Every structure is written in structure tokens, then in C-alpha cells.
Amino acid sequence: MSLVYAVAHRIGLTPWERAGAASAGRAAALLAREEAERSAPRGAPHGSALDLGCGSGAHAVALAERGWRVTAVDAVGVAVARARARALAHGVDVRVVQADVTRMGPELVGGDVDLFLDVGCFHGLRDAQRAAMGRCVTACAAGGATMLVLAFRPGRRGPLPRGADRADLAAAYPGWDLLEDAVADVSGLPLLLRGSAPHWYRLRRS
Ligand SMILES: C[S@@+](CC[C@H](N)C(=O)[O-])C[C@H]1O[C@@H](n2cnc3c(N)ncnc32)[C@H](O)[C@@H]1O
Numbered sequence: 039m040s041l042v043y044a045v046a047h048r049i050g051l052t053p054w055e056r057a058g059a060a061s062a063g064r065a066a067a068l069l070a071r072e073e074a075e076r077s078a079p080r081g082a083p084h085g086s087a088l089d090l091g092c093g094s095g096a097h098a099v100a101l102a103e104r105g106w107r108v109t110a111v112d113a114v115g116v117a118v119a120r121a122r123a124r125a126l127a128h129g130v131d132v133r134v135v136q137a138d139v140t141r142m143g144p145e146l147v148g149g150d151v152d153l154f155l156d157v158g159c160f161h162g163l164r165d166a167q168r169a170a171m172g173r174c175v176t177a178c179a180a181g182g183a184t185m186l187v188l189a190f191r192p193g194r195r196g197p198l199p200r201g202a203d204r205a206d207l208a209a210a211y212p213g214w215d216l217l218e219d220a221v222a223d224v225s226g227l228p229l230l231l232r233g234s235a236p237h238w239y240r241l242r243r244s
């Protein structure tokens, strides 16, 4: 999957950005709930957030603008450069790290993370990668951390993401409880992917 993303980022074929812009209102509402439920913020007003597979950083920048202390990680160098440029252009402080979410640890991306955001990363990984990502994320999580995951429903899509459902999340994140599974907006997706039935999942570290 990373080779596909490396090529996609290099040639600027990033349809998920349009989808993200179209569903920005829903994402903002999900973040507002995280903020409302956080009674004892540490450091930054709402705590620390880690954007997993940040791409060109739209969500990381939105988090920072909302007052989170943000680290963003992506495996693709072009994406990392774009995310850094976006943060600079918006005048916000986002630490962008080039790393693999299946190999990162607190020493690389920071520990005690309060909120993880995964918009379209987990759902493209193979099973072994998902298990490794689950271990890495859990190692970086604060007690009671929450995670928002956007994933297509499972399906055969050639080089496109294979999707993930609640059982896949439960397998990769055994130390987490699934709090919510809600249908996501498809309006910004290319026609080809409108049947992918993306869902927003919310998990909390047990
Ligand atoms: C569908 S894109 C979404 C990007 C961004 N979250 C957004 O919504 O604009 C998925 C991103 O995950 C990144 N990615 C995929 N596998 C990864 C891995 N193992 N480690 C880090 N990043 C990865 C890709 O490079 C890509 O930027």
C-alpha cells in the first residue's frame, strides 16, 4: 500500500483530500465532542493528538488550530513535506515525522497521546501491519486515550484500500473498547468509491 501512496503523493493524485474537505464539518463535530469530554487537559488546552497517516496534513492543521498539541506521521516523504508546508502556511505548530505507523514508538512520535486520528490509514494495511500498528499506537497512548478511525467497509478494490470493520479494529486493538460505529459522509468521494460505505469508529483505551 505504501508504494501506491508514494506514487499517488508524488503525482498529486490525492482524492481523499477532496473527500476530507467535503466532510470537514462532520470531522469538526467529532473533535468538538472529544474536547467537550476532556475535563483535565494537560499542556495544550485539549491535550496531545497524533495524526496517523497524515498525508498533506489537513487534519493535523485543523487539530492544531483547535488547540491540540499535534504530532503527525506519514511514511511518504512528499506527504511529510506538504504537511510541514501546510502547517507553516497556517501559522500553527505541528510536529511532522516521517515514519511507519507499524514501527513507531514513543521515542519517535511522543508518548501519553490523548487522541489519535486515523483518517484512511489503518484500512489500507495488511493484517500483520494492523496488528503492529495496534501495538505501536497502544504503546504511545495515555490512559483513557481515544481514537477516531475513518475506514471503508471491507471489500475487494484492487490497489485501493481493502477496508476494515469493527472486528478488524477489535483484533488490532485488543486493549481498546469500541464506543461508536457511525456511517460517514460519501459526498466528497469519487463515484467509484461511493459504495465503500465509510464509517467513523471511536475507540477508547481500556
Ligand atoms: C488515504 S490517505 C489519507 C491522508 C490523510 N489522513 C487525509 O485524510 O488527508 C492515507 C495516508 O496514510 C499513509 N500511510 C499508509 N500506510 C502508512 C504507514 N504504514 N505508515 C505511515 N503512513 C502510512 C499514506 O502515505 C497516506 O498519506
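Residue numbering for the sequence shown is 39 to 244, as defined by the numbering used here.
Think of the CB as a built atom: it goes at the ideal place given N, C-alpha and C, for glycine as much as any other residue.
Given the structure is predicted, the values throughout are model-derived calculations rather than measurements.
Give the DSSP bridge partners of residue i, in chain order.
i, result
"residue 218", "240"
"residue 133", "109"
"residue 156", "187"
Using alpha carbons as the reference points, say which of the options lies closest to residue i.
i, options, result
"residue 146", "168, 112 and 197", "112"
"residue 148", "97, 183 and 109", "109"
"residue 123", "175, 95 and 50", "95"
"residue 215", "116, 127, 135 and 204", "204"
"residue 187", "74, 60, 244 and 221", "221"
"residue 163", "189, 144, 231 and 185", "189"
"residue 181", "69, 76 and 41", "76"
Helix, strand or coil: which one does DSSP assign to residue i?
i, result
"residue 86", "strand"
"residue 109", "strand"
"residue 118", "helix"
"residue 147", "helix"
"residue 162", "helix"
"residue 53", "helix"
"residue 46", "helix"
Would you verify that the beta carbon of residue i is, or is not, closer than 8 Å to some beta carbon of chain B?
i, result
"residue 211", "Although the question refers to chain B, the structure presented lacks it and comprises just one protein chain."
Going along the chain, which unbroken runs of the alpha helix (DSSP H) with 4 or more residues stay wholly within the segment 169–213? 204–210
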